[in-house]
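Participant: Numbering (my numbering), first residue to last: 513 to 587.
My questions will all concern the structure given below.
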Amino acid sequence: MDRTIDNLHLNLKGDFDGSSAFELLNILKENLHSTKRILIDTNNLKKIYPFGREVFDHNLSKLMDHRIRIQFIGP
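If you want it as structure tokens, here you go:
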């Protein structure tokens with residue numbers, strides 16, 4: 513995790529499962545009020561499990577009420 517004044521850059525590694533999804537969501541929630549843009553780099557993920565993606569997609573909408581830009585980098 514790297515931070516600049518307005519940006520937070522997260523570099524995900526390993527496998528992305530349900531537990532990883534909740535961990536990422538918690539990081540996003542903790543940083544909603546202290547950053548303007550979050551960059552999530554998925555280039556180093558080995559495997560994205562369908563359940564992890566479903567958990568993330570379902571819960572991300574709860575965070576989208578805040579005015580923050582989330583950008584994904586990678587496949």
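We treat Cβ as the ideally placed atom computed from N, Cα and C, and that holds for glycine.
Tell me the DSSP secondary structure of GLY564 in three-state form.
Facilitator: It is helical.
Participant: Quick check: what's the CA-CA separation for PHE534 versus ASP569?
Facilitator: Cα to Cα, PHE534 sits roughly 11 Å from ASP569.
Participant: DSSP on LYS525, reduced to helix/strand/coil?
Facilitator: Residue state, collapsed to three classes: strand.
Participant: Please name the residue in ASN555, HIS521, ASP527, LYS541 whose C-alpha comes closest to that of PHE563.
Facilitator: For PHE563, the nearest C-alpha among the options comes from ASP527.
Participant: When you compare each of SER532, ASN571, THR547 to ARG579 by their alpha carbons, which one comes out closest?
Facilitator: Looking at the Cα atoms, THR547 is the closest of the given residues.
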